[in-house]
Structures are given as structure tokens and as C-alpha cells.
Amino acid sequence: MTAIRRILILIVLTAAVIAGASVPAWAAFGDSVGVSTTITTITVAAPASVTITDSCTTSTTVEKRTVRTDPVTGVQTQTAYSSTTTTAASASNVQSSTSSTAAGPGLYETTTTTTTKNTMLSVSVSWWASASRGVSGYLVNAHLSDGSAFPMAQNGPGALSTSQTVDADNLAYQPRLSVTTLTSYGWTAQSAISGYISC
Numbered sequence: 334m335t336a337i338r339r340i341l342i343l344i345v346l347t348a349a350v351i352a353g354a355s356v357p358a359w360a361a362f363g364d365s366v367g368v369s370t371t372i373t374t375i376t377v378a379a380p381a382s383v384t385i386t387d388s389c390t391t392s393t394t395v396e397k398r399t400v401r402t403d404p405v406t407g408v409q410t411q412t413a414y415s416s417t418t419t420t421a422a423s424a425s426n427v428q429s430s431t432s433s434t435a436a437g438p439g440l441y442e443t444t445t446t447t448t449t450k451n452t453m454l455s456v457s458v459s460w461w462a463s464a465s466r467g468v469s470g471y472l473v474n475a476h477l478s479d480g481s482a483f484p485m486a487q488n489g490p491g492a493l494s495t496s497q498t499v500d501a502d503n504l505a506y507q508p509r510l511s512v513t514t515l516t517s518y519g520w521t522a523q524s525a526i527s528g529y530i531s532c
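Here the sequence shown is numbered in our numbering, starting from 334 and rising by one per residue.
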């Protein structure tokens, strides 16, 4: 019985020691610690007051080429050439090329007149600066009818306008424009997409 009693006493003492040692640890888990958390919300502002100006100019080029054909050998020699180009504002995209040939002005000569018309589209875009912090520049996109976006220009933070002249054939894609604020931390904000560009 003495051995059994000793074992029981030993078990009771061991349990008491373990329970006593664990009390501070439970108290540590129960301590409350104040934590201050601040979440900063960043809002990037799109460029405001986006203004678009577009216009078309049609160039008409008239080329005249005179060729003399030797009546004996049949060899042709160019004897005269001239080219003149005029431009005028256009309300539509004009693209054409026509040719006509007439006898003369000299003997055995023929003069070919070729008239070519080509229209160019000029677009200018300006906007107000974004008030957001860390602005690194602005991206001007042309949004096309197939759903794609084509970068028209990318400016630094101090450049608030851009312009470009392209062939008016691009009007077939029904382009619309937008301006996007770019930032040094990668966040962006796009302006509303404009109406369709036209002559």
C-alpha cells in the first residue's frame, strides 16, 4: 500500500506543478493589446473637360505627262511633265483617281492627265489636369468599332493636349476618343468616351 500511496501522491503533485506553471501562460493569452490600423483609400481622378476638334482636308493633285512616239521606231519619249496640288476643307472622305489621254500638243504626242484626290483627318484633343497625386502622364486612346483600343498618344504630366493627322480612311472604323490618367503607382482613371470622330 505504501508504494501505491507514493505513486498517487506523486501524480497529484505533478498535476499541481503543471497546473501552476500554466496559469501565467493562460493569463498572457487573455491580455488585451490595442492595435491601431489605418487604411488609406486612393482615388484617381480622370482628366476633366476633354475637348476634341476634328476636321478634314482634301488634296487634289493633277499630273500631266506628255509622251512623243517616234513614227518610225515606235520609241516613246517623255517631253513634258507637270504636277500641281491644291487643298480645300472637306465635309467627307474623298478618295479617287481618274486619268484621261488626249492627242497633242505636238505632232505624234499624247498628253495623259491624272487627277488624284486624297482626304486627311486632323484631330486635336485637350483636357484639364487630374488633381490626383503621383500623376505620371496621360494616355489618349482611339476606341474602334471592332471593340479594340488604339493608343493615339501618351503625354507627360505637364502636356495637356495632343494632335494627329491621319488618312481619313480611318473614319471607317468609327473612332471615339478617351483620355486616361496614368500614375506612378499603377492606378489609372479613364474619361468618358467621346462621340464618333468625323469630318
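Here a beta-carbon is modelled for each residue, glycine too, at the ideal position from N, C-alpha and C.
Bridge partner(s) assigned by DSSP for residue i
i	result
ALA413	THR399
ASN474	PRO484 and SER511
GLN523	THR513
ILE385	VAL458
THR390	ALA422 and MET453
ALA435	THR444
Classification of residue i by the beta-carbon crowding that lies within 10 angstroms, buried from 16 upward
i	result
SER429	exposed
TRP461	exposed
PRO404	exposed
GLY440	Sequence inspection shows Leu at residue 440; the Gly mentioned does not correspond to that position. When all chains shown are included, LEU440 counts as exposed.
SER408	Sequence inspection shows Val at residue 408; the Ser mentioned does not correspond to that position. So VAL408 ends up on the exposed side.
ILE372	Confidence in ILE372 is poor, its pLDDT being 48 and thus under 50, which makes the residue's placement too unreliable to answer from.
TRP520	exposed
THR402	exposed
THR418	exposed
SER496	exposed
VAL395	exposed
Among the options, nearest to residue i - alpha-carbon criterion
i	options	result
GLU442	THR431, LYS397 and ILE530	LYS397
LEU493	VAL458, PRO438 and VAL395	VAL458
ALA505	ASN488, THR513, THR399 and ASP479	ASP479
THR376	SER511, GLY467 and CYS532	GLY467
THR390	VAL473, PHE483, ALA421 and SER416	ALA421
GLY528	GLY491, PHE483, ASP500 and HIS476	HIS476
THR412	THR394, GLY437, ALA522 and GLN523	GLY437
THR393	THR402, THR399 and SER423	SER423
TYR294	PRO380, VAL400, VAL512 and SER531	Residue 294 is absent from the structure shown; the chain starts at 334 and stops at 532.
VAL383	CYS532, THR514, TYR518 and SER531	THR514
PHE483	ASP502, VAL473, SER455 and SER432	VAL473
SER433	VAL512, THR448 and SER425	THR448
THR452	VAL512, ALA486 and SER388	SER388
ARG509	SER517, VAL427, SER524 and ALA464	SER524
THR386	VAL427, GLN507, SER425 and SER455	SER455
Residue i, DSSP secondary structure in three states
i	result
ASP479	coil
LEU332	Here the chain has residues from 334 to 532 only, and residue 332 is not among them.
ALA505	helix
VAL408	coil
THR444	strand
SER497	Note that residue 497 is Gln in the sequence shown, not Ser. Three-state DSSP puts GLN497 in a strand.
VAL377	coil
VAL468	strand
SER430	strand
THR370	Note on THR370: pLDDT 47, under 50, position unreliable in the model; no value is reported.
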